[in-house]
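Residue numbers (the numbering used here): 2 to 108.
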């Protein structure tokens, strides 16, 4: 599913993503993009990579920045609630109401 935000998140605003990972899921991605600078936050869950979550960034036209790997809080077949709170210098990431990571803004 691809959705575009109609407004830029303001300081402290939280974006909420809800769904279920099907048993056939190989990966799940949330990209927070800036049309002029690149992908500010790339949040991806990989099934084949030991069920890990990776956060990264990419400036326009450049390779991916270093990825930060975290243990996976998502489970196949279960509902999830991912909340990303945006600040000028970081993103706070919560999964199922538990804080899992503070990702430093890299753009």
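Just so it is clear, CB atoms sit at the ideal spot from N, CA and C, and this is done for glycine as well.
### Task
Spell out the partners DSSP gives residue 82 in its beta bridges.
As a working mapping, residue 82 is identified with position 81 in the chain shown. In DSSP, residue 82 forms a bridge with 19.
### Message
Comparing C-alpha positions only, which one of 29, 55 and 21 sits nearest to residue 66?
### Response
Counting from one through the chain shown, the residue named residue 66 turns up at place 65. Considering only alpha carbons, the answer is 55.
### Other residues of its chain near residue 15: CB distance less than 6 Å, five sequence neighbours each side excluded
Residue mapping note: residue 15 aligns to position 14 of the chain shown, counting from 1. These residues qualify, in order along the chain: 84 and 86.
### Message
Please tell me whether residue 108 and residue 58 are closer than 8 Å, where the distance is taken between their beta carbons.
### Response
As a working note, residue 108 is residue 107 in the chain shown. As a working note, residue 58 is residue 57 in the chain shown. Closer than 8 Å, so yes.
### Message
Do residue 99 and residue 74 count as a contact pair if the criterion is CB distance below 8 Å?
### Response
In the chain shown, counting from the first residue as 1, residue 74 sits at position 73. In the chain shown, counting from the first residue as 1, residue 99 sits at position 98. Result yes, Cβ atoms of residue 74 and residue 99 sit closer than 8 Å.
### Beta-carbon proximity list for residue 103, same chain, < 7 Å, skipping 5 on both sides
In the chain shown, the residue the question calls residue 103 occupies position 102. Correct list, in chain order: 91 and 93.
#### Entry: Environment of residue 42 [buried if 16+ CB atoms lie within 10 Å]
Within the chain shown, numbered from 1, the residue matching residue 42 stands at position 41. By the neighbour-count rule (16 or more Cβ atoms within 10 Å), residue 42 is buried.
### Nearest-angstrom Cα separation, counted from residue 63 out to residue 40
Looking up residue 40 in the chain shown gives position 39. Looking up residue 63 in the chain shown gives position 62. Rounded to the nearest angstrom, the two C-alpha atoms are 11 Å apart.
### Candidates 96, 76, 23 and 18, of which the one nearest residue 33 by Cα
Here residue 33 corresponds to residue number 32 of the chain shown, with the count starting at 1. Here the closest residue by C-alpha is 18.
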